[in-house]
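Residue numbers (my numbering): 83 to 254.
Listed below in structure tokens is the structure:
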């Protein structure tokens, strides 16, 4: 360690002497930069004074309260049509009916199957009694050109109605 003592002192003196370098060029650059970049701030815009608003419609009718009492007809017959919630769902019931397309039929003897393509381009074989579409669409007839269904849809007053629908071959 004693051998390296003069070398350590020499390196330390060299490092200290480097710190005393002339930095006048740096000071000149800073002075020029400060003098050339004089910024200006736009004045604040003039704001209009606040004008208070007095609400004068407080004594008028509440728009969220019905003015006419809507009485339900006692003559309305409750519909006996209801979707079967306990029935196991079939694969084509997850797709809306308008996204399914009929691509053909299969026939063996007197048995006729329809071929339905879903939005994922998977072809499914269906027969009378199968369900498809999101409205409980039960297949009631299959022909060479179309598949007829009966859907159970809400009637808008708390019940359900049956609605006929069909998918034609090649139709989307």
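Don't be surprised by glycine CBs; every beta carbon is placed ideally from N, CA and C.
Check                                                                                                    : Outcome
Simplified DSSP assignment, three categories, for residue 245                                            : strand
Local Cβ density within 10 Å of residue 140, reported as buried at 16 or more and exposed below that     : exposed
Residue 172 - containing beta strand (DSSP E), residue span                                              : It is not in any beta strand (DSSP E) - residue 172 carries neither H nor E in the DSSP assignment.
Residue environment, residue 231, which counts as buried when at least 16 other CB atoms sit within 10 Å : buried
Opening and closing residue of the beta strand (DSSP E) in which residue 183 lies                        : 183-190
Three-way DSSP call (helix, strand, coil) for residue 85 in this model                                   : coil
Opening and closing residue of the alpha helix (DSSP H) in which residue 108 lies                        : 106-118
From 192, 191, 132, 167, residue whose alpha carbon lies closest to that of residue 218                  : 167
The region 206-223 touching the region 183-195, judged by at least three CB pairs closer than 8 Å        : yes
DSSP-derived helix/strand/coil call for residue 157                                                      : Caution is warranted here: a pLDDT of 49 is assigned to residue 157, below 50, making its placement in the model unreliable, and the coordinate value is therefore given only provisionally. Residue 157 falls in the coil class under three-state DSSP.
Spatial distance of residue 200 from residue 235 (CA atoms)                                              : 21 Å
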